[in-house]
Amino acid sequence: MSQTFWLAVGLVLILEGLGPLLAPRGWRELIRQLSSQNDQTLRRIGGCLVVAGSVIAYIMFTQL
């Protein structure tokens, strides 16, 4: 379990790092646009990401 957790954390860090590594200007603009959104919009975006991640995790775990 612990090994799987750290693998997941490592993959998240890799994916999160690709934006600033490959397109720093575009990433900075995305962050600027996100920071200007109101709280409700950010909550919706976050909720969509949580649901999408949950669905992907469920699909991956049922394939094991």
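Residue numbers for the sequence shown follow the numbering used here, so the first one is -19 and each next one is one higher. Glycine included, C-beta positions come from ideal geometry on N, C-alpha and C.
| Item | Value |
| --- | --- |
| Whether Gly(-1) touches Trp7 by CB criterion (8 Å) | yes |
| Enclosing alpha helix (DSSP H) for Ala(-12) [first to last residue] | -18 to 2 |
| Length of the line joining the Cα atoms of Val(-11) and Gln(-17) | 10 Å |
| Between the CA atoms of Leu14 and Leu2 - distance to the nearest angstrom | 19 Å |
| Range of the contiguous alpha helix (DSSP H) that encloses Gln20 | 19 to 43 |
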